[in-house]
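Following: one structure in structure tokens, then a few remarks.
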Amino acid sequence: MNTELTVLKRDMAVSQDDTIRMLLEQSKRTGRAVLIRRAFVQDADPGLRLVTRPGPFSKMLRSNERLDLFLLIHCVTARADWGVAHRSETWGRAAGISFATNGTASAAVSRHLHKLKELKLISTEPYGRMTKITKLLEDGSGDPYTLPSGDKEGSRKSTYFKVPFAYWEQRYYRSLSMPAKTMLLILMSQRSPSFALHKAREYALWYGVSPSTVGRGIEELKKKRLLYEFLSGQQLDGFSVLGQSTHVRWALAAPFDLNVNKTEREAAEAAWTPEGVARTALRIGARIPALSGATIPQ
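Residues 32 to 329 in the working numbering are what the sequence shown lists, from first letter to last.
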């Protein structure tokens, strides 16, 4: 593990960035990303009919620090029992909760851990002079944590998305507001190469966030060029005065563009092969009278 400090000052606490870097290196994750179940953002009831509801994430939107603490806990918990123990000062600095070294950090961190326990996302127990934190299933059920398989044939609970280490390493945890973080996780959880941006009220209903949070978050992601217009085109629209409307699809930019499921990735790659381009040209040409050989009415 790389524990070299960017600035070495004896008898002074290390920086937030150095503390985060230590925790990320401790995680030993070769993929440089942490897996989070989609159920954390939007859960689904079991059964043949898909019935969704907001996940525990919707109850964490008032605290940047609590969200970052939750994500860091998921980063560093060991596979053996999905538990980890560190001093309160370490968690406090890493999540930006407290930078105190006089013993008061413990109470501040404990308040955030207590909230995560209320949401049934973690359990805690004494570990010497420290507290051992064990992560639980991300859906807030209180069930023991298991590694999500992502198997298409498995339970909806196995579907996950990845939060890249770049979220911390490129300091997005500092530069993004809570509305932007909210929409970033929601859009990453969709695991699609591109998507339509729905109305703010629809997002609010599906994910339990306020319409104002949706609007501010999307605008900030666009302004910081983390969300860009991927594809646009005209389509017939019976509800429009002109009988047509513009259909726009959006995409997340790097480093948050890593959540694309295998089926859609393969389909996108196949579309850009010579055979795929030819098939697309034939399909489009068949719809245009001048190219398909049809007679244009005079």
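For glycine and all other residues, C-beta sits at the position ideal for the given N, C-alpha and C.
None of the values given here were measured: they were computed from a predicted structure.
Using only the heavy atoms of the ligand MN, determine whether one of them is closer than 6 Å to the beta carbon of residue i.
i	result
residue 92	Within the structure as shown, the ligand MN is missing, as the structure has no ligands at all.
Please classify residue i: does DSSP put it in a helix, a strand, or coil?
i	result
residue 48	helix
residue 75	strand
residue 105	helix
residue 193	strand
residue 234	helix
residue 83	strand
residue 287	coil
residue 282	strand
residue 316	In this prediction, residue 316 scores a pLDDT of 49, lower than 50, which makes its location untrustworthy; the coordinate-derived value is nonetheless stated afterwards. Three-state result, residue 316: helix.
Excluding five sequence neighbours on each side, which residues of the same chain lie with their C-beta closer than 7 Å to the C-beta of residue i?
i	result
residue 248	210, 211, 213 and 214
residue 222	192, 290, 291 and 292
residue 124	44, 47, 50 and 130
residue 235	241, 242 and 245
residue 54	103, 106, 107 and 125
From this set, the options, which residue's C-alpha is nearest residue i's C-alpha?
i	options	result
residue 49	230, 252 and 199	199
residue 245	254, 217 and 255	217
residue 282	111, 228, 240 and 89	228
residue 150	122, 134, 85 and 203	85
residue 147	60, 77, 135 and 172	172
residue 93	208, 279, 237 and 257	208
residue 25	113, 64, 226 and 70	With the chain represented from 32 up to 329, any question about residue 25 goes unanswered, as that position is not in the structure.
residue 258	180, 114 and 226	226
residue 133	142, 121, 62 and 144	121
Name, in chain order, the residues that DSSP records as bridge partners for residue i.
i	result
residue 240	According to DSSP, residue 240 bridges with nothing at all.
residue 158	161
residue 202	The partner list for residue 202 (beta bridge, DSSP) is empty, contrary to what the question assumes.
residue 117	162
residue 65	194
residue 175	167
residue 88	Partner(s): none; residue 88 has no beta bridge.
Less than 6 Å between C-beta atoms, sequence neighbours within five positions excluded: which residues of the same chain meet that for residue i?
i	result
residue 116	158, 161 and 163
residue 286	195 and 197
residue 83	73 and 75
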